[in-house]
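Student: I have a structure I would like to understand better, so I am pasting it below and will then ask my questions one at a time.
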C-alpha cells in the first residue's frame, strides 16, 4: 500500500531534499508551503519550481500572517545577523527563530493530512548543523507526533498512527548536500538565504547562507 | 507575581466564561481570536464585545484561511447537521469538527505567549457536554503542553514552564452557565451557533444551539 505524505516545503535545500527522499521512498508526496509574512518570497518561488521539478503529487501554498505576532528577524523589522564565518554564529536561540513556527507549520500539515487521508508528515528539520532552534530537535518532533495522534481523527485508528518522518535530522549539511545530489535535487533552484537583496541575490552572510556554503564546500 | 495569559476567545459562552475566570484568578489576560474562514462572523463580533466588556488587557484577531484545507461543515460547503433534540446528536467525530483546529489555535497562542512573555494559555475546551471532538480532551491538552514546552523558548526555562489551563474541561453546560453568571459574563453578548441566518439569528437546531439551550435551561 502506498502511503500518502504531506511534505513541508520551504524551497530551501533541506526541505527540497526531504521531498526528493519521500518520492524515492515511494510515498505519494503532497507539498505544503507557507506565505506567512516572511521578509522575502524568493523561497516560495523556489518551492514552486522544486515541487514541479521533483514531481510532487500536489503543491499548496497557505497564507497567514505571522507579522501580526512578530518577535523574529524573519517576520519583524529586526536586522538579520550577519557573520563572516561559521564560528561567529552565536549560542542559544537566535533572533531568526520564529516563535512556534514549526509547531504552526506541522499543525497545518496535520489538518491537511486529515483531509486528504495522509498518514505521514515529512519535515526537513536538522538538529546537527544548526541546533539553535528548539523546534528542530527530535524530542520536539516526537512530542508533536504524540499530540497529533491524540488531537485528531487519528485517535480513532490506533492501528494506523500518523508518523512524522525527519530523514535529515541527524545529518551534517555536507551529508544533506550529498544526499540531494544522489537524489537528483536541482540544488541551483533551491533558496536558503534569510535576507536576500531586492533583486533576489543571497546575502552570503546570514546563518543560512554560511551553513549552505559550508555544506556545499565539504561535500 | 502576576502571570500573563493568552486566552483563546471565540465569542461563545465557554471561551467567554474562560476569560472571565482568568481575570478573576488575577491573570493578566490577553485575548486571541481567529478569522479562519468560518461560515459566520457573528462570533468575532461577539468576541470583540466580550473582550471589551470583561476588560481583557488586549485583544488580537488573527486571519488565516482554513477553507484552503476544508474538510468541515464549518469551513466547507457541507451542510451543518440539525436536530430536534440533544438525543439525536450522533456518536463519533461530527462533521462540524474542523481538522486540527485547536492544535492550530493553540500553536498561535504559543507563538503569541513567547512574544509577549505569557506563561499561561487558557482554552475553554469541555470534554463532558460535548466529547465528540478529539481536540477537546484532557489527554490532548496535556500532550500539547508537553510539546509546547519542548518546541519553544520555554525549553530554556524548565523552572517556568508554560501551563495550559482548562477550567471548564470537566463541567456540564449547566455548570458553565452558573459559573458564567457568578462571574458576571454578559451571556446575551456571547454567540455559539454554527449556522446562523443571514441576519445573524442563531438557528436553534445545531449541536451548539441545542447544548447551549440545555445548559441555560438546566442552570
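Protein chains in written order, with my numbering: chain F, 133 to 351; chain S, 133 to 351. Cβ atoms here follow ideal geometry from the backbone N, Cα and C, with glycine treated the same way.
Rounded to the nearest angstrom, what separates residue 195 of chain S and residue 167 of chain S at their Cα positions?
Tutor: Spanning the two alpha carbons is a distance of roughly 5 Å.
Student: Since residue 266 of chain F and residue 239 of chain S should fall inside the 8 Å C-beta cutoff, what is the C-beta to C-beta distance between them, to a whole number of angstroms?
Tutor: Their Cβ separation, rounded to whole angstroms, is 14 Å, which puts residue 266 of chain F and residue 239 of chain S out of contact at 8 Å.
Student: Would you please verify whether the beta carbon of residue 190 of chain S is less than 9 Å from any beta carbon of chain F?
Tutor: No - not a single Cβ of chain F is within 9 Å of the one on residue 190 of chain S.
Student: Name the chain S residues that come within less than 8 Å of residue 284 of chain F, Cβ to Cβ?
Tutor: Per Cβ cutoff of 8 Å: 231, 232, 235, 266, 267.
Student: What's the call for residue 291 of chain S, buried or exposed, on a 16-neighbour Cβ count within 10 Å?
Tutor: Looking at its Cβ environment, which holds fewer than 16 other Cβ atoms inside 10 Å, residue 291 of chain S is exposed.
Student: Is residue 227 of chain F closer than 9 Å to residue 257 of chain F when the C-beta atoms are compared?
Tutor: It is not a contact, given that the beta carbons lie outside the stated cut-off.
Student: Note down, in chain order, every chain F residue with its Cβ under 8 Å from the Cβ of residue 194 of chain S.
Tutor: Ordered by position in chain F, the residues that pass the 8 Å Cβ test against residue 194 of chain S are 196, 197, 200, 201.
Student: Identify each residue in the stretch 295 to 315 of chain F for which the Cβ-Cβ distance to at least one residue of chain S is less than 8 Å, and report them in chain order.
Tutor: Within the stretch 295 to 315 of chain F, no residue has a Cβ that lies closer than 8 Å to any Cβ of chain S.
Student: Hey, does residue 255 of chain S have any beta-carbon neighbour from chain F nearer than 9 Å?
Tutor: Cβ-Cβ to chain F under 9 Å: no for residue 255 of chain S.
Student: Please classify residue 288 of chain S: is it buried, with 16 or more other beta-carbons within 10 angstroms of its beta-carbon, or exposed?
Tutor: Exposed.
Student: The beta strand (DSSP E) with residue 167 of chain S in it runs from where to where?
Tutor: Run containing residue 167 of chain S: 160 to 167, per the beta strand (DSSP E) assignment.
Student: For residue 345 of chain S and residue 338 of chain S, I'd like the C-alpha separation in whole angstroms.
Tutor: About 11 Å.
Student: Rounded to whole angstroms, what is the Cα-Cα separation between residue 141 of chain F and residue 151 of chain F?
Tutor: Distance between the alpha carbons of residue 141 of chain F and residue 151 of chain F is about 7 Å.
Student: Measuring alpha carbon to alpha carbon, tell me which residue in F:173, F:201, F:193, F:133 is nearest residue 201 of chain S.
Tutor: Out of F:173, F:201, F:193, F:133, F:193 has the C-alpha closest to the C-alpha of residue 201 of chain S.
Student: Report the rounded CA-to-CA distance for residue 250 of chain S versus residue 293 of chain S, giving the unit in angstroms.
Tutor: Whole-angstrom Cα-Cα distance: 10 Å.
Student: Taking residue 133 of chain S as the reference, which of S:157, S:237, S:143 has the closest Cα?
Tutor: Answer by Cα proximity: S:157.
Student: Please report whether the beta-carbon of residue 291 of chain F lies at a distance below 9 Å from any beta-carbon of chain S.
Tutor: Closer than 9 Å: no.
Student: Beta-carbon of residue 276 of chain F versus every beta-carbon of chain S: anything under 9 Å?
Tutor: Yes, because at least one Cβ of chain S sits closer than 9 Å to the Cβ of residue 276 of chain F.
Student: Per DSSP, which residues does residue 196 of chain S bridge with? Please list them.
Tutor: F:196.
Student: Note down the Cα distance separating residue 189 of chain S from residue 136 of chain F, rounded to an integer number of angstroms.
Tutor: Distance between the alpha carbons of residue 189 of chain S and residue 136 of chain F is about 44 Å.
Student: Between the stretch 303 to 316 of chain F and the stretch 311 to 327 of chain S, do at least 3 Cβ pairs fall closer than 8 Å?
Tutor: Not touching, per the Cβ criterion.
Student: Taking 9 Å as the CB-CB limit, is residue 240 of chain S close to chain F?
Tutor: So yes, residue 240 of chain S belongs to the interface.
Student: Quick check on residue 294 of chain F: does DSSP put it in helix, strand or coil?
Tutor: If DSSP states are grouped into helix, strand and coil, residue 294 of chain F belongs with coil.
Student: Is any beta-carbon of chain A found at less than 9 Å from that of residue 287 of chain S?
Tutor: Note that chain A does not occur in the displayed structure, where the protein chains are F and S.
Student: Give the C-beta separation of residue 280 of chain S and residue 269 of chain S to the nearest angstrom, bearing in mind that I take them to be a contact with Cβ-Cβ under 8 Å.
Tutor: Rounded, the Cβ-Cβ distance is 17 Å, inconsistent with contact.
Student: Using only the alpha-carbon positions, how far apart do residue 272 of chain F and residue 331 of chain S sit?
Tutor: Whole-angstrom Cα-Cα distance: 46 Å.
Student: Step through the CB atoms of chain S and report whether any lies within less than 9 Å of the CB of residue 227 of chain F.
Tutor: Not one chain S Cβ lies under 9 Å of residue 227 of chain F.
Student: DSSP has residue 191 of chain S in a bridge; who is on the other side?
Tutor: The partner list for residue 191 of chain S (beta bridge, DSSP) reads S:163.
Student: For a contact defined as C-beta to C-beta under 9 Å, what are the partners of residue 160 of chain F on chain S?
Tutor: By Cβ distance, chain S contributes nothing, its closest Cβ being about 18 Å from residue 160 of chain F, past 9 Å.
Student: Tell me where the beta strand (DSSP E) around residue 269 of chain S begins and ends.
Tutor: Unbroken run through residue 269 of chain S: none, as it is neither H nor E.
Student: Please state the DSSP three-state secondary structure of residue 139 of chain S.
Tutor: Here residue 139 of chain S sits in strand by DSSP.
Student: Which residues of chain S have a Cβ atom closer than 7 Å to the Cβ of residue 133 of chain F, listed in chain order?
Tutor: Neighbours of residue 133 of chain F on chain S: none; closest Cβ ~22 Å, over 7 Å.
Student: Nearest-angstrom Cα distance between residue 230 of chain S and residue 335 of chain F?
Tutor: If I take the Cα positions, the gap works out to 41 Å.
Student: Compute the Euclidean distance between the alpha carbons of residue 315 of chain S and residue 304 of chain S, then round it to the nearest angstrom.
Tutor: The alpha-carbon atoms of residue 315 of chain S and residue 304 of chain S are separated by roughly 17 Å.
Student: Could you name the residues that DSSP lists as bridge partners for residue 253 of chain F?
Tutor: According to DSSP, residue 253 of chain F bridges with F:138, F:296.
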